[in-house]
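Before any comments, here is the structure.
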Amino acid sequence: MGPTDTEPLLTQGEPDVACSSHILGPETRFAGYGSYATEGTSTLTFPYGSSPDELDNQTQRLSFLRLIAAYLCLCLCYFISYLDMNSVTTSLPTISDALDAGPSITWVGTAYLLGQTPCQPLYGRISDVTGRKPILLFSVGCIIVGGILCGFARTPIWLYISRAVSGVGGGGISSLVAIIVSDLVSLKSRGKYQGMISLAIGLGAASGPFVAAGLIRTGAGSWRWAFWVPSIAASCCFGLLLFLLPLKPVSGNWKEKIRKIDWLGVVTSVAGTVLIMMAINSGGSLWPWDSAKTISTLTIGIFLLLGFIAVEAFVAKFPIIPLRLFKQRSSSLLLLMGILHDFVWQSTQYFIPLYLQTVRGYTALQSATLILPFLVAQGLAGAASGPVVSKLAR
Numbered sequence: 016m017g018p019t020d021t022e023p024l025l026t027q028g029e030p031d032v033a034c035s036s037h038i039l040g041p042e043t044r045f046a047g048y049g050s051y052a053t054e055g056t057s058t059l060t061f062p063y064g065s066s067p068d069e070l071d072n073q074t075q076r077l078s079f080l081r082l083i084a085a086y087l088c089l090c091l092c093y094f095i096s097y098l099d100m101n102s103v104t105t106s107l108p109t110i111s112d113a114l115d116a117g118p119s120i121t122w123v124g125t126a127y128l129l130g131q132t133p134c135q136p137l138y139g140r141i142s143d144v145t146g147r148k149p150i151l152l153f154s155v156g157c158i159i160v161g162g163i164l165c166g167f168a169r170t171p172i173w174l175y176i177s178r179a180v181s182g183v184g185g186g187g188i189s190s191l192v193a194i195i196v197s198d199l200v201s202l203k204s205r206g207k208y209q210g211m212i213s214l215a216i217g218l219g220a221a222s223g224p225f226v227a228a229g230l231i232r233t234g235a236g237s238w239r240w241a242f243w244v245p246s247i248a249a250s251c252c253f254g255l256l257l258f259l260l261p262l263k264p265v266s267g268n269w270k271e272k273i274r275k276i277d278w279l280g281v282v283t284s285v286a287g288t289v290l291i292m293m294a295i296n297s298g299g300s301l302w303p304w305d306s307a308k309t310i311s312t313l314t315i316g317i318f319l320l321l322g323f324i325a326v327e328a329f330v331a332k333f334p335i336i337p338l339r340l341f342k343q344r345s346s347s348l349l350l351l352m353g354i355l356h357d358f359v360w361q362s363t364q365y366f367i368p369l370y371l372q373t374v375r376g377y378t379a380l381q382s383a384t385l386i387l388p389f390l391v392a393q394g395l396a397g398a399a400s401g402p403v404v405s406k407l408a409r
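Letter by letter, the sequence shown follows residues 16 to 409 of this note's numbering.
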């Protein structure tokens, strides 16, 4: 049996080289990016560079029952996240009328992405330093708090800010669930487990519109439950994660952990991403494209992202996004495919329900029924792709 039959190809906190204890020996430890050391020997250095600090390997193997319990909790996280997103999109026309939001109601989706997008790349590296479980619990907590605040919203601005809080939680779930699955499951079995997660995503996405449609029909103000129902489910998920998700401790005190976080990268990436997204979403609607606000916001955002790239390349000891990830053509193509997929999927998710209800005049239930085939096909394709990838080993 080869090393990759039992160990992940890329364990968290290790470099992009498949080097397990089967290859380097049982006394080998990770000593920073590109470096391994054995007891009584000098450090073995790989071409990617090295660091004097150590990031803990959080890979662990559980008994079958504990693995299934933990895995179901992770699937529940994804189910709730997509239930939340899709129930809200179906409710947008009703929410717009209730809060007199007008065309600005599209900022419900924009605000969510403003919270999700800049935070999503941060969670992986921060969880390397602090451990997976606390950061995942924080993410689920943001879903709970954001949903409760959205449900009590009295003005559009209140709703948009609260929705951004939910986006911070959604970004953590989308990043950390996949990382934790990689920690718990061997490379050989990972495909089928990831496929089951795709099924959970499909179920959540397909259920959301019908949950919202059913709630909206119950009377005025019932749209608020489109936010509260996912929050209640997330509260149950929080309790299950607290007791059923295993926690592998990360060495070091909090001062040491905080020093390992690339804070300059955090500030430049978050600020740059938020400014660019604000300029793109406000241009042509809130601000003219040629206005000073749009141009200055976009320009500052671009310069901040260029600064982030410089920080990751030359300053950060543990970069949030190591630039070496883009040196391989296959990795770069996969990342590009992910960008294109999300570009289409996010547009479809938010604007088709709006179009069906506001332009075509369909009810929320009819809108949910019309988009159901798309969501079901997505979930089934994701569930089938995992075992196929495992079978073909590519």
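Even glycine gets a Cβ: it sits at the ideal position worked out from N, Cα and C.
Go to residue i, then tell me how far its alpha helix (DSSP H) extends in each direction, as first and last residue.
i: residue 167; result: Taken as a continuous stretch (DSSP letters only), residue 167 belongs to no alpha helix (DSSP H), as it is neither H nor E.
i: residue 238; result: Premise fails: residue 238 is in no alpha helix (DSSP H) and is neither H nor E.
Pick from the options: whose alpha carbon is nearest that of residue i?
i: residue 89; options: 191, 235, 371 and 104; result: 191
i: residue 179; options: 206, 123 and 326; result: 123
i: residue 146; options: 268, 99 and 214; result: 268
i: residue 302; options: 119, 168, 85 and 206; result: 119
i: residue 253; options: 297, 154 and 325; result: 154
i: residue 114; options: 94, 367 and 172; result: 172
i: residue 382; options: 81, 93 and 109; result: 109
i: residue 251; options: 81, 78, 135 and 94; result: 94
i: residue 366; options: 125, 78 and 83; result: 125
i: residue 262; options: 385, 143 and 287; result: 143
i: residue 158; options: 76, 201, 290 and 242; result: 242
According to DSSP, is residue i part of a helix, a strand, or is it coil?
i: residue 376; result: coil
i: residue 146; result: coil
i: residue 7; result: The requested residue 7 does not occur in the structure, where the chain is confined to residues 16 to 409.
i: residue 402; result: helix
i: residue 371; result: helix
i: residue 196; result: helix
i: residue 382; result: helix
i: residue 364; result: helix
i: residue 19; result: Residue placement at residue 19 cannot be trusted, given a pLDDT of 42 that sits under 50; what the coordinates show is reported in the next sentence. Helix, per DSSP.
i: residue 264; result: coil
i: residue 224; result: helix
i: residue 35; result: Confidence at residue 35 is low in this model, with a pLDDT of 36, below 50, so its placement is unreliable and the value that follows should be read with caution. Here residue 35 sits in coil by DSSP.
i: residue 339; result: helix
i: residue 181; result: helix
i: residue 244; result: helix
i: residue 201; result: coil
i: residue 344; result: helix
Please classify residue i as buried or exposed, where buried requires at least 16 other C-beta atoms within 10 Å of its C-beta.
i: residue 97; result: buried
i: residue 270; result: exposed
i: residue 177; result: buried
i: residue 352; result: exposed
i: residue 370; result: exposed
i: residue 360; result: exposed
i: residue 277; result: buried
i: residue 209; result: buried
i: residue 205; result: buried
i: residue 234; result: exposed
i: residue 131; result: buried
i: residue 374; result: exposed
i: residue 264; result: exposed
i: residue 240; result: buried
Between residue i and chain C, is there a C-beta pair that is closer than 8 Å?
i: residue 147; result: The structure shown has no chain C; it contains just one protein chain.
* **Contained alpha helix (DSSP H) runs [length at least 4] in the segment 267-335, N- to C-terminal order** => 269-274, 278-297 and 307-325
* Residue ranges of each alpha helix (DSSP H) run of no fewer than 4 residues wholly in the segment 78-147, ordered along the chain? -> 79-114 and 122-145
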